[in-house]
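Okay, so here's the structure we're looking at.
Numbering (the numbering used here), first residue to last: 148 to 623.
As structure tokens, then:
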């Protein structure tokens with residue numbers, strides 16, 4: 148069973164940790180190899196989606212839907228984190244895809260239920276039984292909406308197999324680490340859902356992030372809806388859109404009414420929303436790229452100019468924030484100028500606007516996001532301390548920061564909890580080489596009172612958590 152700071156870690160199932168440790172054994176210990184597991188899950192989500200949609204709705208629709216997913220900043224941002232978000236996103240998508248292949252098409256294909264069960268167990272061992280709720284409900288509703296309710300029996304067979312498999316997994320984990328089932332299932336599932344003890348948020352918490360996180364594609368919805376408002380319809384034959392839409396809405400509602408909320412929880416439903424949006428655009432945008440280029444409208448004009456402006460502005464903002472080098476500015480400005488020139492000569496067009504928006508999103512995800520991570524990661528700050536203060540002793544407050552334990556390696560790391568402010572102040576005063584890792588913008592009054600002063604940055608870099616130390620005493 149996995150451990151954290153020498154103690155059994157029962158807050159989450161162990162599959163992600165087992166996978167990361169396996170990668171460490173194969174490729175060595177580093178933050179790059181740690182990200183291989185979520186990277187594989189993210190790529191797997193896109194690949195599974197493309198294969199499924201290509202079979203169900205055709206090549207063009209599959210390409211457009213998966214492109215919307217890949218170019219949606221919020222989905223890809225959280226899917227690459229070293230956390231359970233990428234595995235649960237992959238598991239939910241694979242389960243919904245398998246259930247649709249088994250039950251949602253004209254011909255019944257029960258063998259796909261095996262794939263659905265395996266994907267569900269991956270989700271159970273990654274995040275817990277939440278996957279059973281966010282897959283069973285939309286699948287059942289989809290069968291009712293599409294008038295295939297006779298197949299609910301097969302859905303019940305899958306759910307029974309998933310429940311039995313999950314039960315065996317939890318019994319096995321309970322045997323490995325007594326107390327796991329109570330701590331995880333009751334405290335970190337039922338209690339956090341009903342009466343959260345951390346990460347509490349309002350019911351609308353996920354709404355703004357979901358809309359903004361799928362930009363620029365969500366900007367197209369009002370224009371496409373207005374243009375096709377007289378012909379909008381969802382027939383029973385369009386089961387794929389129905390399945391994806393119900394899966395997205397079920398996940399959004401479930402995590403909205405849950406008491407405990409974190410932005411990264413969106414990976415359980417946002418991929419399905421992006422895919423549904425892509426299929427919606429495929430249905431109501433012109434069917435050919437050449438025809439698309441001839442369609443000029445107010446929406447195309449807005450998308451063109453809103454696409455060109457960020458291409459020019461993003462590298463400048465990134466350079467100011469130290470997230471990218473200045474070499475990117477002339478490159479991206481040149482691309483933006485070409486976009487503006489094309490819009491003036493050819494007119495505002497959907498294909499031009501979508502291309503410029505895609506360039507802006509790709510630059511943000513590949514360059515700015517990497518620069519953001521590097522800017523706030525403690526890695527650079529700890530390397531600087533290893534060179535300029537090799538005898539540094541690290542302390543964490545008010546809890547351990549896993550990133551610190553990862554980067555300090557064999558250096559001493561001491562944990563101070565809430566209520567130990569006086570001991571921490573004495574430690575910092577007695578150890579001139581002590582460096583404190585904490586959220587510097589949220590230091591409690593008890594700590595500042597115990598220190599009787601302020602802390603300063605220990606390095607030239609603003610890492611998260613902040614690395615701070617007592618200022619050197621001034622000479623009399």
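Glycine included, C-beta positions come from ideal geometry on N, C-alpha and C.
- Distance between residue 164 and residue 185, taken at the CA atoms: about 11 Å.
- Inter-residue distance for residue 417 and residue 239 is about 11 Å (C-alpha atoms, whole angstroms).
- The Cβ atoms of residue 545 and residue 564 lie closer than 7 Å to each other.
- Non-local C-beta neighbours of residue 310 in its own chain, meaning closer than 8 Å and more than five positions away in sequence, comprise 279, ordered along the chain.
- For residue 543, the three-state secondary structure derived from DSSP is strand.
- In this structure residue 554 is buried. Its beta-carbon is surrounded by 16 or more other beta-carbon atoms within 10 angstroms.
- In the three-state scheme derived from DSSP, where H, G and I count as helix and E and B as strand, residue 613 is classed as strand.
- If you ignore the 5 residues before and after residue 511, its C-beta comes within less than 7 Å of the C-beta of 220, 461, all in its own chain and listed in chain order.
- Taken in chain order, the complete alpha helix (DSSP H) segments of 4 residues or longer contained in the stretch 469 to 553 are 475 to 493, 497 to 510, 516 to 523, 525 to 535.
- Within the same chain, Cβ atoms closer than 7 Å to the Cβ of residue 505 are found at 218, the five residues on either side in sequence being excluded.
- An exposed status is given to residue 319, since fewer than 16 other beta-carbon atoms sit within 10 Å of its beta-carbon.
- The stretch 468 to 485 makes contact with the stretch 513 to 520, as at least three CB pairs between them are under 8 Å.
- Per DSSP, residue 166 lies in no beta strand (DSSP E) segment; the continuous alpha helix (DSSP H) that holds it begins and ends at 162 to 174.
- Assigned with DSSP and collapsed to three states, residue 582 falls in strand.
- Measuring C-alpha to C-alpha distances from residue 270 to each of 241, 176, 290 identifies 241 as the nearest.
- Closest in C-alpha terms to residue 362, from the list 454, 388, 526, 585, comes 454.
- One alpha carbon belongs to residue 236, the other to residue 598, and they sit about 44 Å apart.
- For residue 211, the uninterrupted alpha helix (DSSP H) run begins and ends at 206 to 217, by DSSP.
- If you check the CB distance, residue 594 and residue 542 do not come in under 7 Å.
- Annotated three-state conformation of residue 461 is helix, per DSSP.
- Contact between the stretch 242 to 258 and the stretch 293 to 302 is present: three or more C-beta pairs spanning the two stretches fall below 8 Å.
- Secondary-structure assignment with DSSP links residue 562 through a beta bridge to 543.
- Per DSSP, the unbroken alpha helix (DSSP H) holding residue 576 starts and ends at 568 to 577.
- Residue state for residue 297 is assigned as helix, using DSSP reduced to three classes.
- Annotation for residue 171: 180, 181 place their beta carbon closer than 8 Å to its own, counting only its chain and skipping 5 residues before and after.
- Annotation for residue 412: 402 place their beta carbon closer than 6 Å to its own, counting only its chain and skipping 5 residues before and after.
- In the three-state reduction of the DSSP assignment, residue 603 falls in the strand class, which pools E and B.
- Of all alpha-carbon atoms in 277, 601, 263, 579, the one lying nearest the alpha-carbon of residue 407 is that of 277.
- Residue pairing by DSSP places residue 347 opposite 407 in a beta bridge.
- Note on residue 243: 16 or more other CB atoms within 10 angstroms of its CB, so buried under the neighbour-count rule.
- The beta-carbon distance between residue 426 and residue 249, rounded to whole angstroms, is 20 Å. This is too long to meet the 8 Å contact definition.
- Using a Cβ distance threshold of 7 Å, residue 410 and residue 326 do not count as a contacting pair.
- Around the beta carbon of residue 568, a 10 Å sphere encloses 16 or more other beta carbons of the protein chains shown; the residue is thus reported as buried.
- With respect to the 7 Å criterion, residue 423 and residue 396 are not classified as neighbours on the basis of their beta carbons.
- Under the 10 Å beta carbon count, residue 566 is surrounded by fewer than 16 other beta carbons and is classified as exposed.
- Residue 287 sits away from residue 386, with the two beta carbons spaced by 7 Å or more.
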